[in-house]
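Notes to accompany the following structure.
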Amino acid sequence: MISVFFEEISLISRPEIEEIKEDFFRLLDEMEEIARKGCFATGKKVQMYVSQVDLPNSMSYISLNEMTRLCMLKWFTIIDTVSADEKSFQRMKSWTKTLQRASVLISETGEEHRIHFFKAQREIVSQL
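Sequential numbering of the sequence shown, starting at 5, is according to our numbering.
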């Protein structure tokens, strides 16, 4: 496990790992509450999906308004690629919509899948 490696080469201490784990647990608690309610504390709606398609990437898009649109992609890299290009945004949005068809909505609905997903994430964090 990566945390053990970093601990062995003295880049991080066990107490620091425990602090990080607690931060992750708090983040998971907050994400699970957002998923359960289907909105942020501000009331802004959110949809969370869990995909059964395991791709070694991370992608997302953000649309704050008609003028502020970003897409982000991480594919076999450490650093995200971020683009404000409208064409890239529309492609990412289309690709994400395609993946939704093979995914399970866990915000507001899908309680069984939501519980299983967050339980699995907590097990991963507990192993750090």
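The beta carbon of each residue, even a glycine, is placed where N, CA and C say it ideally should be.
By the CB criterion at 8 Å, residue 10 and residue 126 fall outside the cutoff. Distance from the CA atom of residue 92 to the CA atom of residue 99, rounded to whole angstroms, is 11 Å.
For the pair residue 56 and residue 37, the Cα-to-Cα distance works out to about 22 Å.
Beta-bridge partners of residue 49 (DSSP): 43.
Annotation: residue 107 is outside any alpha helix (DSSP H); the continuous beta strand (DSSP E) that includes it extends over 107-109. If you draw a 10 Å sphere on the C-beta of residue 118, you find 16 or more other C-beta atoms in it, and that means buried. DSSP, read as helix, strand or coil, puts residue 17 in coil. Cβ-Cβ distances below 6 Å link residue 16 to 10 in the same chain, with the five nearest sequence neighbours on each side left out; the list follows chain order. Annotated as proximal: residue 110 and residue 121, with beta-carbon spacing under 8 Å. Boundaries of the alpha helix (DSSP H) harbouring residue 127: 115-130, taken from the DSSP string. In this chain, the alpha helix (DSSP H) harbouring residue 94 covers 90-104.
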